Amino acid sequence: MTPADLSRTVLHAVRRAVDEDALRAPVPARVRVERTRPGGSGDYACAVALQLAGPAALPALEVARILRERVVAEPGVGRVEITGPGFLSFTLDAPAESDRAVLAAVREQGLAYGHGDALRDEIHQFHHAREVRAAVTAQAVRRLLVAQGARVRTTCEQAPDPDWVRLGVTVDAYGAPPTPLTEIRPVPAGATAGELLERLGPDAARWGLLRAAGHDRAVLGPELLVQGEANPLFRVRYAHARARALTRGAAALGFTAEAAAYGESPTEPAAHGESPAAHGESPTEPTATTADDAAARRLLDLIADHPGVLLAGARHRAPDRVARQLEAVAHAFFDFHDSCPPLPAGDEKPSAAHRARLAIAEAAGTVLAGGLSLLGIRAPEHL
C-alpha cells in the first residue's frame with residue numbers, strides 16, 4: 081500500500097462512517113497522511129479525527145475509534161493504533177508486500193507515478209511579472225497542479241519574452257487583473273531568458289531557476305554545466321541514464337526486472353510458483369534483496385514518498401521540493417547500485433535477487449524521469 085493508497089483508504093472510511101450515520105460531519109476533500117516522526121508509533125500517522133471532532137460534536141478519541149474500526153481490516157493495513165489526543169497511527173503489512181505494491185504502481189503508471197486527482201476541484205490563475213524566473217516558476221507550478229487534477233491559467237503583466245518558449249513557458253494572456261505568484265526573487269542583474277539560454281542551455285537554466293526556494297537567490301553559474309557528481313543536476317540525470325543502462329544490460333544477459341521477487345526468502349520459489357532452477361539459478365542463491373539492506377530501504381522509502389512530495393510541491397507552489405526529492409533519490413540510487421548490484425558480475429548467473437534489484441533501479445529511474453519532466457527538464461537515456 082502506497083501513502084496515496086492509505087490516504088484514499090482513510091477517506092473511504094470517513095465516507096462509510098458518515099453514510100452509516102456513525103459520524104455527522106462533512107466529508108473532507110482529502111485526507112493527509114504523513115510518515116511517523118522519530119519516536120512515534122507505526123509507519124504513517126493521520127490527524128483526520130482531530131479535524132472532524134468539532135463538526136461531529138464528538139471527542140477526537142471517539143472519532144478516531146469510529147474510523148479505526150473501518151480501516152483496520154483493509155488489505156495492506158497491518159495495525160491501526162490511536163495515539164495522543166486522537167491521532168491514527170498505521171503500521172502497514174510486511175514491508176516486502178508494501179514494497180512490491182509500490183514497485184508495481186511505478187511500473188503500471190510510468191512517468192505519471194505520483195500524479196492524481198487530489199486537487200481536482202481547484203481552479204487557479206497565476207499572474208507573474210515579465211521576468212524569467214517568475215515565468216519559469218509559474219510554468220512549473222502549473223505542471224505540478226495539473227498533475228494533481230487542478231485547472232490552471234497563467235497570465236503575465238506584459239507581453240511575454242519570445243525566448244520563454246525555448247524554456248517551455250506558455251502564457252495564456254497578459255495584462256489581466258493580477259492574482260500574483262508572490263515571493264519569487266528575480267535573477268541577479270536582471271538576466272534575460274536569451275542570455276541564460278545562450279550561457280546554460282534550457283535544462284541547466286530551468287534547474288538553476290527552480291532548484292532554490294522562490295525567495296532564495298537562484299544559482300545560475302557555470303557549475304550547472306559541470307559533468308561530475310558535485311553538480312546535482314548532472315547527478316540526477318546520470319542516475320536516470322544509469323538506470324536505463326541497467327535495463328539494457330539485463331536484456332543483453334537475457335533477464336528482466338521482476339518486482340514480485342522482492343523480499344522472498346532463499347528457501348521460497350523465485351516467483352509465481354517457479355523454482356530458482358527455472359531461471360537457471362542455484363537453489364542456494366539468495367533470491368532477492370531483503371528489506372534489511374539499508375541502501376534498498378532508503379531508496380524504496382523515497383520512491384514510496386514521491387507522490388506525497390509531488391502533491392506537497394503543488395499545494396505549496398514549491399517546485400524546489402521536487403528538485404530536492406530528485407537529488408535524494410539519485411543519491412540513494414547510487415548507494416543502492418553500489419551495495420546491491422542489479423546485474424550479475426563475472427560468471428555469476430542472473431538470479432531473483434538481480435531481477436528484484438533491477439525492478440527497484442528501474443522504479444528509481446522512472447521517478448527521476450517523471451520528476452524532471454514536471455520541471456520541464458529532459459532526462460536523457462545516455463550521458
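Numbering (this note's numbering), first residue to last: 81 to 463. Where is the CB? At the ideal position from N, CA and C, for every residue including glycine. Everything numeric in this text was worked out from a predicted model, so none of it was measured.
query: Which whole-angstrom value is the C-beta distance of Asp148 and Val160, which I expect to be below 8 angstroms?
result: As a working mapping, residue 148 is identified with position 68 in the sequence shown. As a working mapping, residue 160 is identified with position 80 in the sequence shown. Reading off the sequence, residue 148 comes out as Arg, not Asp. The pair is a contact, with the Cβ atoms about 5 angstroms apart (cut-off 8 angstroms).
query: Taking three-plus beta-carbon pairs below 8 angstroms as touching, is the region 185 to 203 in contact with the region 223 to 233?
result: Cβ pair count under 8 angstroms is three or more, so yes.
message: So Ala192 and Arg150 are supposed to be a Cβ contact under 8 angstroms. How far apart are they, rounded?
response: Stepping through the sequence shown from its first residue, residue 192 is reached at position 112. Stepping through the sequence shown from its first residue, residue 150 is reached at position 70. About 29 angstroms separates the two Cβ atoms, so there is no contact after all.
- prompt: Quick one: what does DSSP say Leu79 is sitting in, helix, strand or coil?
  reply: Residue coverage of the chain in this structure runs from 81 to 463, which leaves residue 79 outside it and unanswerable.
- request: Evaluate contact between the region 391 to 402 and the region 290 to 301, counting only Cβ atoms and requiring at least three cross-stretch pairs below 8 angstroms.
  value: yes
- prompt: Would Leu333 be called buried (16 or more neighbouring beta carbons within 10 Å of its own) or exposed?
  reply: Your numbering for residue 333 matches position 253 in the sequence shown. Exposed: under 16 other Cβ atoms inside 10 Å.
9 angstroms Cβ cutoff met for Ala449 and Ala339: Position 369 of the sequence shown, counted from the first residue, corresponds to residue 449. Position 259 of the sequence shown, counted from the first residue, corresponds to residue 339. Not a contact, by the Cβ cut-off of 9 angstroms.
message: Using a Cβ-Cβ cutoff of less than 6 angstroms, which residues in the same chain neighbour Asp85 once the five nearest sequence positions on both sides are dropped?
response: Along the sequence shown, one-based indexing puts residue 85 at 5. Within the same chain, Asp85 has no close Cβ partners at all.
message: For Leu172, tell me which candidate among Gln189, Gly190, Ala153 and Gly164 has the shortest Cα-Cα distance.
response: As a position in the sequence shown, residue 172 is number 92, starting the count at 1. Per the Cα distances, Ala153.
message: Using only the alpha-carbon positions, how far apart do Glu114 and Leu224 sit?
response: Position 34 of the sequence shown, counting from 1, holds the residue named residue 114. Position 144 of the sequence shown, counting from 1, holds the residue named residue 224. The alpha-carbon separation between Glu114 and Leu224 amounts to approximately 20 angstroms.
message: Please tell me whether Ile383 and Ala443 are closer than 9 angstroms, where the distance is taken between their beta carbons.
response: Here the question's residue 383 lines up with position 303 in the sequence shown. Here the question's residue 443 lines up with position 363 in the sequence shown. Taking 9 angstroms as the Cβ cut-off, Ile383 and Ala443 qualify as a contacting pair.
- request: Starting from the N-terminal side, write out each stretch of the beta strand (DSSP E) that is 3 residues or longer and does not extend beyond the region 213 to 249.
  value: 231 to 236
field: For Ala284, the nearest candidate out of His92, Ala105 and Gly456 (CA to CA)
entry: Here the question's residue 284 lines up with position 204 in the sequence shown. Nearest option by C-alpha distance: Gly456.
query: What number of angstroms, rounded off, separates the C-alpha of Val90 from the C-alpha of Pro83?
result: The sequence position of residue 90 within the sequence shown is 10, counting from 1. The sequence position of residue 83 within the sequence shown is 3, counting from 1. One C-alpha to the other measures close to 11 angstroms.
DSSP state of Ser178 mapped onto helix, strand, coil: Translated into positions along the sequence shown, residue 178 becomes position 98. Reduced to three states, the DSSP call for Ser178 is helix.
query: By the 10 Å Cβ neighbour count, where 16 or more other Cβ atoms means buried, how is Gln238 classified, buried or exposed?
result: On the sequence shown, position 158 is the one that residue 238 refers to. Taking all protein chains shown into account, Gln238 has fewer than 16 neighbouring C-beta atoms within 10 Å of its C-beta and is therefore exposed.
query: For Ala70 versus Tyr318, is the C-beta spacing smaller than 9 angstroms?
result: Past the edges of the chain, shown from 81 to 463, lies residue 70, and the structure says nothing about it.
message: To the nearest angstrom, how far is the alpha carbon of Cys236 from that of His208?
response: Start at 1 with the first residue of the sequence shown, and residue 236 comes out as number 156. Start at 1 with the first residue of the sequence shown, and residue 208 comes out as number 128. If I take the Cα positions, the gap works out to 5 angstroms.
message: Taking 8 angstroms as the limit between beta carbons, can you name the residues of its chain near Gly190, skipping five residues before and five after?
response: By one-based count along the sequence shown, residue 190 stands at place 110. Thr446 and Gly450, listed in sequence order.
- request: Use the C-beta contact count for Arg324: other C-beta atoms within 10 angstroms, 16 or more gives buried, fewer gives exposed.
  value: Along the sequence shown, read from residue 1 onward, the residue named residue 324 stands at position 244. Buried: at least 16 other Cβ atoms inside 10 Å.
4 or more residues per run - each alpha helix (DSSP H) lying fully within the region 280 to 353: 282 to 291 and 312 to 333
query: Is it buried or exposed for Gly388, if we count other Cβ within 10 angstroms and need 16 for buried?
result: Your numbering for residue 388 matches position 308 in the sequence shown. Answer is buried; the Cβ neighbour count reaches 16.
Proximity to Ala129 [Cα-Cα], best of Ala105, Thr116, Gly122 and Arg117: Taking the sequence shown and counting its residues from 1, one reaches residue 129 at position 49. Distances from the alpha-carbon of Ala129 to those of Ala105, Thr116, Gly122 and Arg117 put Ala105 closest.
message: Measuring only the C-alpha atoms, how far is Leu141 from Ala218?
response: For the purposes of this step, residue 141 is taken as the residue at position 61 of the sequence shown. For the purposes of this step, residue 218 is taken as the residue at position 138 of the sequence shown. Near 42 angstroms, if we compare the C-alpha coordinates of Ala218 and Leu141.
message: Comparing C-alpha positions only, which one of Arg265, Phe206, Leu277 and Arg377 sits nearest to Leu247?
response: Here residue 247 corresponds to residue number 167 of the sequence shown, with the count starting at 1. Ranking Arg265, Phe206, Leu277 and Arg377 by Cα distance to Leu247 puts Leu277 first.
query: How would you call Pro258, buried or exposed, if buried means at least 16 neighbouring beta carbons within 10 angstroms?
result: Here residue 258 refers to the residue found at position 178 when the sequence shown is read from its first residue. Because Pro258 sits at a pLDDT of 47, beneath the cut-off of 50, its placement in the model cannot be relied upon, and the point is left open.
message: Taking the beta carbon of Asp241 as the centre, do at least 16 other beta carbons fall within 10 Å, making it buried, or is it exposed?
response: Within the sequence shown, residue 241 is the residue found at index 161, counting from 1. The residue is buried, with at least 16 neighbouring Cβ atoms inside 10 Å.
task: Would you identify the three-state DSSP class for His417, choosing helix, strand or coil?
output: Locating residue 417 in the sequence shown gives position 337, counting from the first residue. It is helical.
- prompt: Short check: CB of Asp179 to CB of Leu380, under 9 angstroms?
  reply: Here residue 179 is taken as the residue at index 99 of the sequence shown, counted from 1. Here residue 380 is taken as the residue at index 300 of the sequence shown, counted from 1. It is a contact, given that the beta carbons lie within the stated cut-off.
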